[in-house]
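Enquirer: Can you keep this structure in mind? I'll have questions shortly.
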Amino acid sequence: MSVDNLLLRLDKVKPVGKCRWLACCPAHADKSPSLSIRELDDGRVLVHCFGGCSSYSVLEAIGLTINDLFPEHEHIHHAKCERRPAFTWFIDGVHIAPLLIIRAPESECGKTTVKDVVQQFVRRPLSNEGVSIAALFRVVEQEQPTLLLDDADSWLLRDPNDERHSLINSGHKRGGRVLRCVGDNHDLKAFSTFCAKVIAFIGKSRDTLHNRSIEIVLRRKMAGEKITPLRNADRSGYDTLRAKLARMEEDYLDTIANARPDLSGFDNRAADNWEPLLAVADLAGGEWRCKLRELIRSMREQDKFRRDVVTK
Ligand SMILES: [Zn+2]
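Heads up: the sequence shown runs through residues 595 to 906, numbered per this note's numbering.
Now the structure itself:
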């Protein structure tokens, strides 16, 4: 979109320098122009309301979305950002970190492949392979990584005493902590456990896990189904997409932190889990809002179907 298209929708527009304008903010009762508009050399447009409105609400008031602030070729990639990996970049602005569960009923359903793709795009990915439990608690506290726990069935479903359960259960909410004794004197120390987590396993989920998570349930490819192997994918865009996600964090962390997406129709747990993802979809705007809500509807139907089948 050109900046002209934005300016046409605003009142009392006046130029205040090269590629800079002031106008009345459409998102609040604005008498003296308090919306600043700036067009950057790369074609992106920045808007800022000195009255405190978010860019998102300013654009919504005039029927535009954040995507409209990007030049045409950019916003296509921008709109393709996967919601879940995108969410991990806003971890500093959210209060709930829904777990991403990637599970399959049997082997060879592509579980590790999905995890590897997710790993490419999340913020500060850290795989737990080769990391001791003690180191895991320390690294989560210090780095707030996106923790990727692959092949978790061996402990997640079979060993209730594994210490990683407390990391998962307490780390869903901001402020979550576990107490551990450290050092020769066994001094008590509280470790923060809040971070984004991806857990991949074979088997059924449990309620405590299910309530804190968004699940991708995989199945084996059927005879006759055609797929494009990931090794043939064009990877040249990966770095660009990561760079864009990092940039989104820089530009829109406050927007996400202040976002209040429409959660009507969600019960408390579901609202907790979906809120940050809906905020990201609302930020991306346009078709993504509808797409995510449609996806949630179909996932909940499948989930209900699965539960009905299990309980009957
Ligand atoms: Zn305003």
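Glycine included, C-beta positions come from ideal geometry on N, C-alpha and C. Nothing here was measured: the structure is a model prediction, and the numbers come from that model.
Confirm the yes/no value for this check: CB of aspartate 657, any heavy atom of ligand 1, distance under 7 Å.
Expert: The question names aspartate, yet the displayed sequence has glycine at residue 657. No, the beta carbon of glycine 657 sits no closer than 7 Å to any heavy atom of ligand 1.
Enquirer: Would you say histidine 622 touches ligand 1, meaning its beta carbon is less than 7 Å from a heavy atom?
Expert: Because some heavy atom of ligand 1 lies under 7 Å away, the Cβ of histidine 622 counts as near it: yes.
Enquirer: Identify every run of the beta strand (DSSP E) within the segment 597 to 621, keeping only runs that are complete inside it and at least 3 residues long; order them along the chain.
Expert: Taken in chain order, the complete beta strand (DSSP E) segments of 3 or more residues contained in the segment 597 to 621 are 608 to 611 and 614 to 617.
Enquirer: Put aspartate 861 into one of helix, strand or coil per three-state DSSP.
Expert: coil
Enquirer: Is there contact between the segment 837 to 846 and the segment 619 to 637, where contact requires at least three CB pairs shorter than 8 Å?
Expert: no
Enquirer: List the residues that DSSP assigns as beta-bridge partners of alanine 794.
Expert: Ile696
Enquirer: Taking the straight line between their C-alpha atoms, what separation do you get for valine 708 and leucine 640?
Expert: 35 Å
Enquirer: Compute every distance between the C-beta of glycine 645 and the non-hydrogen atoms of ligand 3, then say whether any falls below 7 Å.
Expert: No copy of ligand 3 appears in this structure; the ligands present are ligand 1.
Enquirer: Report back the beta-carbon spacing between isoleucine 890 and leucine 812 to the nearest angstrom; my notes put them in contact at under 8 Å.
Expert: Not quite, the Cβ-Cβ distance comes to about 18 Å (not below 8 Å), so this is no contact.
Enquirer: In whole angstroms, what separates the C-alpha of leucine 782 from that of arginine 774?
Expert: 6 Å
Enquirer: Unbroken beta strand (DSSP E) runs of length 3 or more, entirely within the segment 829 to 861: which are they?
Expert: none
Enquirer: Terminal residues of the continuous beta strand (DSSP E) containing leucine 773?
Expert: 771 to 776
Enquirer: Would you tell me roughly how many angstroms separate the C-alpha atoms of histidine 669 and phenylalanine 684, rounded to the nearest one?
Expert: Unreliable positioning characterises histidine 669 in this predicted model, as indicated by a pLDDT of 38, which lies under 50. A coordinate reading is not provided.
Enquirer: Report yes or no: do three or more beta-carbon pairs, one from the segment 714 to 730 and one from the segment 645 to 655, lie closer than 8 Å?
Expert: Too few Cβ pairs lie closer than 8 Å, so no.
Enquirer: Measure the Cβ-Cβ separation of leucine 761 and valine 792 and say whether it is below 8 Å.
Expert: no
Enquirer: Using C-beta distances below 7 Å, list every residue in its chain close to aspartate 686, excluding the 5 sequence neighbours before and after it, in chain order.
Expert: Leu847
Enquirer: Leaving out the 5 sequence neighbours to the left and right, which residues in its chain are closer than 7 Å to asparagine 852 when beta-carbon positions are compared?
Expert: Ser648
Enquirer: Find out if the Cβ-Cβ distance for the pair leucine 663, arginine 638 is shorter than 8 Å.
Expert: yes
Enquirer: Using only CA atoms, which one of Phe644, Asp876, Ala698 and Asp897 lies nearest to phenylalanine 681?
Expert: Asp876
Enquirer: Can you tell me where the beta strand (DSSP E) holding serine 786 begins and where it ends?
Expert: 781 to 786
Enquirer: Roughly how many angstroms separate the alpha carbons of phenylalanine 860 and glutamate 869, rounded to a whole number?
Expert: 10 Å
Enquirer: Could you tell me whether the Cβ atoms of aspartate 747 and isoleucine 796 are closer together than 8 Å?
Expert: yes
Enquirer: Have a look at Lys815, Asp828 and His766 and flag the residue whose alpha-carbon is nearest the alpha-carbon of asparagine 805.
Expert: His766
Enquirer: Is there at least one non-hydrogen atom of ligand 1 closer than 7 Å to the beta-carbon of leucine 629?
Expert: yes
Enquirer: Only counting the same chain, and skipping five residues up and downstream in sequence, which positions put a Cβ closer than 7 Å to that of cysteine 703?
Expert: Leu812, Arg813 and Arg814
Enquirer: Let me make sure I understand the geometry here. Which of Asp605, Gly818, Ala827 and Leu694 has the alpha-carbon closest to that of alanine 623?
Expert: Asp605
Enquirer: Assuming proline 692 contacts serine 807 (C-beta within less than 8 Å), just tell me the rounded distance between them.
Expert: 6 Å
Enquirer: May I have the straight-line CA-CA distance separating asparagine 867 from isoleucine 690, to the nearest angstrom?
Expert: 7 Å
Enquirer: Grouping DSSP H, G and I as helix and E and B as strand, with all else coil, what is glutamate 633?
Expert: strand
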